[in-house]
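Structure first, commentary second.
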Amino acid sequence: MKKNNITSLTEMKNHGEKISQITCYDFSTAKIFDEAGVNSILVGDSLGMTMQGYEDTLPVTMDEMIVYGRSVGRACKNAFVVVDMPFMSYQASAEQAVMNAGRIMKECQANCVKLEGGKSVCKQIEAITACGIPVCAHVGMTPQSVNSFGGFKVQGKGENNARRVLEDALAVEKAGAFMVVLECVPPKLAALITKKTNMITIGIGAGAGCDGQVLVYQDMLAMSGDFTPKFVKKFADIGEQMKKAVTEYDEEVKAGTFPKEENTYPKSDCSDEFLAKLDREYKDFEVQL
Ligand code: KIV
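Number 288 marks the last residue of the sequence shown (numbering that gives the first Met the number 0); no jumps.
Have a look at this one:
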């Protein structure tokens, strides 16, 4: 299979083929998702919540994104790797945005960077794309602005807000973004944006009218606790399966039924005579440090 790239993904949009994207943050899981055949993996700053246990994405740093991003970058033979720019790694200036986007590309084997915002980040998108770095934008509910929104709320409700989200999408396209995440946007508005733009639209809580979909993997595999946003479908109960497996392991270790002979290396053992000799020799042995 050839690695997904900007051209192949854009062709998929143009042919009406849907694009699959999923979040991921580590090597072994990314390898599984890559082999499963998803078109794209997003190293989202949602890792602040899913991997680090914060309440929102704001505390995530550039250095942390690099650590998670490069673990995923190394695993992906097929999937197009998108790495998020964390809060305050691009907002201050176009120069700051370019330096940090460049770091992500150099250190993570990423194929593109993602940043949140509409008109307000167009200068940054222009500057990053001018360096040959593809940009995925992110409009609608942008989690880094949770404090301005007063919570994780659907955006684009009502005529004025719908106009604002559409204008943000058109602005990031003009600035050079080739892909845009539409998060928590009403479905007809998301479909309209998809129709009006050449960018690839990736929806999350934005209905089926987008060019593709993204989900946070811990949500869709039931690994993220009790709260599940309305837009998430649980495709498997991996959280429960992990709990069951670890409970069994715990019980077997405590009962002495694990490990069994087949889980050890008996052929590498010395003779019983030699081991008995060792036992005698080391009876009163004192370790000298
Ligand atoms: O950080 C993230 O995982 C994201 C997705 C929710 C789109 O931005």
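Heads up, the beta-carbon is just placed ideally off N, CA and C, and yes, glycines get one too.
Nothing here was measured: the structure is a model prediction, and the numbers come from that model.
Check	Outcome
Going by the DSSP bridge assignment, what does aspartate 83 pair with across the sheet?	Lys113
Could you tell me which residues DSSP puts in a beta bridge with histidine 137?	Gly116 and Val180
Along the alpha helix (DSSP H) that carries threonine 9, what are the first and last residues, could you check?	5-13
Using the beta-carbon count (16 or more within 10 Å), is isoleucine 31 buried or exposed?	exposed
Measuring alpha carbon to alpha carbon, tell me which residue in Ser92, Gln90, Lys12 and Arg69 is nearest valine 81.	Arg69
Between which two residues does the beta strand (DSSP E) containing serine 27 stretch?	Not the beta strand (DSSP E): serine 27 falls in the alpha helix (DSSP H), residues 26-35.
Where does the unbroken beta strand (DSSP E) through glutamine 20 begin, and where does it stop?	18-22
Nearer than 7 Å: is that true of the beta carbon of glutamate 182 relative to any heavy atom of ligand 1?	yes
Return yes when the Cβ of isoleucine 192 is within less than 8 Å of the Cβ of alanine 168, no when it is not.	yes
Inspect the beta-carbon positions of asparagine 110 and proline 133 and report whether they are closer than 8 Å.	yes
Going by DSSP, name the residue or residues bridged to leucine 214.	Ile21
Can you list, in chain order, the residues of its chain with a C-beta nearer than 8 Å to that of arginine 102? Leave out the 5 residues immediately preceding and following it.	Met61 and Ile65
Using the three-state DSSP reduction, which class does serine 39 fall into: helix, strand or coil?	strand
Does the segment 215-231 come within contact of the segment 257-275, defined as at least 3 CB pairs closer than 8 Å?	no
Where does glycine 149 fall in DSSP's three states?	coil
Which value, in whole angstroms, describes the spacing of the CA atoms of asparagine 160 and alanine 207?	20 Å
Just verifying my parser: in three-state terms, what is the DSSP assignment at threonine 196?	coil
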